[in-house]
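Those protein sequence lines, which keep their order, are chains A and B.
Numbered according to the working numbering, the first sequence spans residues 1 to 504.
Numbered according to the working numbering, the second sequence spans residues 1001 to 1347.
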Amino acid sequence: MTEPSLISMHGITKRYPGVTALSSVNLSVKPGEVMAIVGENGAGKSTLLKVLAGAINADEGHIEVSGNIVNITSPRDSQACGIAVMYQELNLANDLNVAENIYVGRELKTRFGTVDFRAMERGAKGLLAGLGVDISPRELVGNLNIAMRQMVEIAKALLVAARVVVMDEPTSSLTEGEVETLLDLIRRLRQQGVSVVYVSHRMREIYAIADRITVMRDGAVVGVRDAASTTPNEIVQMMVGRELVDLYGVRTAPLNLHASPALEVRGLGSGSLVHDVSFSVLPGEILVLAGLIGAGRSRTAMTIFGAVKRRAGEILVDSKPLALRTPTEAMDAGIGFVPEDRKNLGLFLGLPVRENISSASLSSISRMAVVSDGRDRKLAKHFAGQLGLRLSAIEVAAGTLSGGNQQKVVLARWLARKPRILILDEPTRGVDVGAKAEIYQLIRHIAAEGVAVLVISSELTEVLGIADRILVMREGYGVGELDARDASENRVMAMATGVQEVVA
Amino acid sequence: MTMQDVTNNQENTVMGNASLGPSDPKETLGGRIKARVWRVLLARESTLAGVVLLLVVFLSFASPYFMTPGNMTVVGRQIGLALIISVGMTFVILIGGIDLSVGSVVALVSVLTGEFMVVSGLPPAISVILAIACGALVGVLNGTINAYVGIPSFVVTLGMLAVARGLSLGITSGSTISGFPPEFLYLGQGSFLEIPIPVWIAAVVALGAHFVLTRTTFGRHVYFVGSNEEAAKLSGIQVRRIKVTVFVISASLAALAAVLETSRLSVGQPAAGNGYELLAIGAAVIGGASLFGGVGGILGTALGTSLLLLIQNALILLGISAYWQQVFSGVIIVAAVALNMWRKKRN
Chain A
1 MTEPSLISMH GITKRYPGVT ALSSVNLSVK PGEVMAIVGE NGAGKSTLLK
51 VLAGAINADE GHIEVSGNIV NITSPRDSQA CGIAVMYQEL NLANDLNVAE
101 NIYVGRELKT RFGTVDFRAM ERGAKGLLAG LGVDISPREL VGNLNIAMRQ
151 MVEIAKALLV AARVVVMDEP TSSLTEGEVE TLLDLIRRLR QQGVSVVYVS
201 HRMREIYAIA DRITVMRDGA VVGVRDAAST TPNEIVQMMV GRELVDLYGV
251 RTAPLNLHAS PALEVRGLGS GSLVHDVSFS VLPGEILVLA GLIGAGRSRT
301 AMTIFGAVKR RAGEILVDSK PLALRTPTEA MDAGIGFVPE DRKNLGLFLG
351 LPVRENISSA SLSSISRMAV VSDGRDRKLA KHFAGQLGLR LSAIEVAAGT
401 LSGGNQQKVV LARWLARKPR ILILDEPTRG VDVGAKAEIY QLIRHIAAEG
451 VAVLVISSEL TEVLGIADRI LVMREGYGVG ELDARDASEN RVMAMATGVQ
501 EVVA
Chain B
1001 MTMQDVTNNQ ENTVMGNASL GPSDPKETLG GRIKARVWRV LLARESTLAG
1051 VVLLLVVFLS FASPYFMTPG NMTVVGRQIG LALIISVGMT FVILIGGIDL
1101 SVGSVVALVS VLTGEFMVVS GLPPAISVIL AIACGALVGV LNGTINAYVG
1151 IPSFVVTLGM LAVARGLSLG ITSGSTISGF PPEFLYLGQG SFLEIPIPVW
1201 IAAVVALGAH FVLTRTTFGR HVYFVGSNEE AAKLSGIQVR RIKVTVFVIS
1251 ASLAALAAVL ETSRLSVGQP AAGNGYELLA IGAAVIGGAS LFGGVGGILG
1301 TALGTSLLLL IQNALILLGI SAYWQQVFSG VIIVAAVALN MWRKKRN
């Protein structure tokens, strides 16, 4: 208590027409502290971060930096206070190299006034070395993976001598190994006296690094806890305001192991990313493809769905080999596919939820190529209702929904086609805990109705929680199949990484 | 949405047993009319409609000539011709493309109409059909190169702009073709119920296009492709086919406008249609279409076309030199888009 706060936000309130996004929120961060902010989507975390970043101006409240009231009305003000914000969507120019990105807006000049690339490269190299990452300052950012791009963002933050680095769900698209690298880096920042504000859904990461946890719900802070003296379950309960009994649910209907597989893949190959992958999924079964990012799982799914070219192997639906050269052919064979990247591959963000839901079923609600408005609305309402979307929401643009609800819209699109095989690529990425539980319930249901479900997941707890069987992929090959009952995080991780045993 | 709801939903089946009959009658009447009125008032087109209306009222006071039948006929015909092209452009812009070749297609088809009808002496109906088919072929080329080779439509149609203009100059060696039969000239110069034929044709085209875009599966697909091409592909939409079709629509409508223009002026000329592509793009954009695709509509485009041509007419009637016209058009296009963006931000 005696230690003064580096940043403290007092009574921050932000109202939008019809909603109060933040009501009188307090947040304080001490020097060299890692403060985690948790809360379901829509709890106000992002709005709070944007206020701190100067991207949004609060209606009430004030911010103090080292005890002095500051006036943050623009991102420039925020930076001047030593606050660096890393958004989920990284703000890097893919066509510029690492050094140029780090020095963007602060380019070093030679004495003739031209850009001093050499000095920038030297500086960038120093910053990156200080972070313990090995990236060439001349590499184009577009060639780096997301984890490396985050390192570049962090280096950029350090360049402005940030005293607080704010990270908004930095691990949502990282593999487990990359997460570790990032967490190490955060520990290193803390040692250097830099404070970190860390927003995440993932309890494991939060408990690995956070000193304190601020829990938000419905635009207000419901509590601040010391990480050391609180259990993850307590935090989750504070977040959702209720007890989560069982996140993943259990199998309700027994699996008929003698049924012939709904989907069978033999020796599938696609480009240099998928080699000789074989598996089968029974009706009503949930098979999870586990592995690291880049293991070829998404590519396998896209190949089955006809979205990328199959080079080798056979795909059998109900024991019949099918060509499946295009998504249309796959859809006609009863396959549905919920892609990983909702925003870029899944949704029509600017179009109403209703049109998103019916987009793959237009022929069934139209006559002579004329869409029936009534049946369109009815279809959308039916599935919106079943998936727990507000019925009034069917006319709003899909892009305005939260991550969880967006995922439900994509799911609804495929359920409307009554598929017999459903492929879900990272179905809970960027989805808050409450909506996650709902999505797991939905997957259980879909399976219980006899649909063969293929789930791709990079989260080990999810893999083990939802799967009947697990196929682990590594570098494009299927490296092993496990019954979910015999699987453990260590076994899956060992197969995914190719090491014999992983120390937990 | 709480866990409770999910548990409740367990009673229902998730896989739909929805009976997809007609929607229940209760919501068809009173509620729907009310909802529709609101939607009309709040639509982005209503501001634009207000501006066009104000302009008409202002002009009828400011100039004694504006409301005369003579002026109305001239303005109506101009709006009609431009609207036909703008409608086609709207389709292309909706998929996130652009068609810079429409002005040159007008020239090519104008010249070909003359070649077939006057030089080769084919019957007018056959000549018109052949000429429009040639225009459509330009669209097939544009669309195929764009969709299957993957060259951006801006580049493809920029090339076609030069090629089609060059062809029309080459075919005629730069001269004009006249001597059309009178029954052909009726198409562009005649009237039905005191309303010029081009206006009728434009109305039919616009209403048809509006129906296609708002009510048909093809229309939905156009919006899907423009909104998110990848998602459209993964929803089983034949994206390439949609793209080619859209460019064929754009070129065919430009060809139709060319035939009407040729008939109106009684001359097939390689200089026809100069700058029409910019007028059409401007009209669609003023009407609220987004150059990124997925946003826009025929109503907006019709209002945008009317606004641009009424302003042109106003400048003439108010005695402002024709040399200044483009300045006004340019300012209006940018101002309209700025207004749209501002409205979007405020929401």
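Glycine included, every Cβ here is placed at the ideal spot set by N, Cα and C.
As the structure is a computational prediction, the values presented were derived from the model and not from experiment.
Residue i - partner residues in DSSP beta bridges
i                       : result
residue 1166 of chain B : None; residue 1166 of chain B has no bridge partner.
residue 321 of chain A  : A:316
residue 1192 of chain B : B:1195
residue 335 of chain A  : A:421
residue 1267 of chain B : B:1178
Where residue i falls: helix, strand or coil (DSSP)
i                       : result
residue 35 of chain A   : strand
residue 201 of chain A  : coil
residue 16 of chain A   : strand
residue 1021 of chain B : Because the pLDDT at residue 1021 of chain B is just 40, under 50, the model does not fix this residue reliably, and the point stays unresolved.
residue 25 of chain A   : strand
residue 1333 of chain B : helix
residue 133 of chain A  : coil
residue 1086 of chain B : helix
residue 352 of chain A  : strand
residue 363 of chain A  : helix
residue 217 of chain A  : strand
Bounding residues of the beta strand (DSSP E) (the contiguous stretch that carries residue i)
i                      : result
residue 268 of chain A : 263-270
residue 68 of chain A  : 68-70
residue 84 of chain A  : 83-86
residue 61 of chain A  : 60-65
residue 466 of chain A : It is not in any beta strand (DSSP E) - residue 466 of chain A instead sits in the alpha helix (DSSP H) that spans 460-466.
residue 454 of chain A : 452-456
residue 223 of chain A : 220-226
residue 425 of chain A : 421-425
residue 276 of chain A : 274-281
Whole-angstrom C-beta distance between residue j and residue i, which should lie under 8 Å
i                       : j                       : result
residue 1268 of chain B : residue 1073 of chain B : Going by Cβ atoms, the distance from residue 1268 of chain B to residue 1073 of chain B rounds to 23 Å, so no, they are not a contact pair.
residue 65 of chain A   : residue 12 of chain A   : Actually they are not in contact, since the Cβ atoms of residue 65 of chain A and residue 12 of chain A sit about 14 Å apart, beyond 8 Å.
residue 49 of chain A   : residue 25 of chain A   : Not confirmed; about 11 Å, so no contact.
residue 1287 of chain B : residue 1301 of chain B : 4 Å
residue 289 of chain A  : residue 442 of chain A  : With a Cβ gap of about 19 Å, residue 289 of chain A and residue 442 of chain A do not count as contacting.
residue 1203 of chain B : residue 345 of chain A  : Incorrect: roughly 40 Å between the Cβ atoms, too far for contact.
residue 406 of chain A  : residue 342 of chain A  : 5 Å
residue 132 of chain A  : residue 188 of chain A  : 7 Å
Where the alpha helix (DSSP H) containing residue i begins and where it ends
i                       : result
residue 311 of chain A  : From DSSP, residue 311 of chain A is part of no alpha helix (DSSP H); its letter is neither H nor E.
residue 1117 of chain B : Neither: residue 1117 of chain B is in no alpha helix (DSSP H) and is coded neither H nor E.
residue 481 of chain A  : From DSSP, residue 481 of chain A is part of no alpha helix (DSSP H) but of the beta strand (DSSP E) over 477-483.
residue 1285 of chain B : 1276-1286
residue 505 of chain A  : Any answer about residue 505 of chain A is impossible in this case: the structure gives chain A only from 1 up to 504.
residue 123 of chain A  : 117-130
residue 473 of chain A  : Where residue 473 of chain A is concerned, there is no enclosing alpha helix (DSSP H), although the beta strand (DSSP E) it sits in stretches over 469-474.
residue 443 of chain A  : 433-448
Residue i versus residue j - alpha carbon distance
i                       : j                       : result
residue 1170 of chain B : residue 1111 of chain B : 10 Å
residue 172 of chain A  : residue 430 of chain A  : 6 Å
residue 163 of chain A  : residue 193 of chain A  : 8 Å
residue 150 of chain A  : residue 70 of chain A   : 28 Å
residue 1317 of chain B : residue 1185 of chain B : 27 Å
residue 127 of chain A  : residue 183 of chain A  : 18 Å
residue 323 of chain A  : residue 421 of chain A  : 16 Å
residue 1053 of chain B : residue 109 of chain A  : 56 Å
residue 396 of chain A  : residue 1097 of chain B : 25 Å
residue 1368 of chain B : residue 1319 of chain B : Since the first residue shown for chain B is 1001 and the last is 1347, residue 1368 of chain B is missing from the structure and cannot be characterised.
residue 1311 of chain B : residue 1328 of chain B : 8 Å
residue 1021 of chain B : residue 360 of chain A  : With a pLDDT of 40 at residue 1021 of chain B, under the threshold of 50, the predicted position of this residue should be treated as unreliable, though the coordinate-derived value follows. If I take the Cα positions, the gap works out to 18 Å.
residue 16 of chain A   : residue 57 of chain A   : 12 Å
residue 274 of chain A  : residue 480 of chain A  : 15 Å
residue 394 of chain A  : residue 388 of chain A  : 12 Å
residue 1257 of chain B : residue 1081 of chain B : 6 Å
residue 303 of chain A  : residue 309 of chain A  : 6 Å
residue 1216 of chain B : residue 1224 of chain B : 13 Å
residue 331 of chain A  : residue 424 of chain A  : 14 Å
Interface residues of chain E facing residue i [CB-CB closer than 7 Å]
i                       : result
residue 1146 of chain B : Among the chains of the structure shown, chain E does not appear; the protein chains present are A and B.
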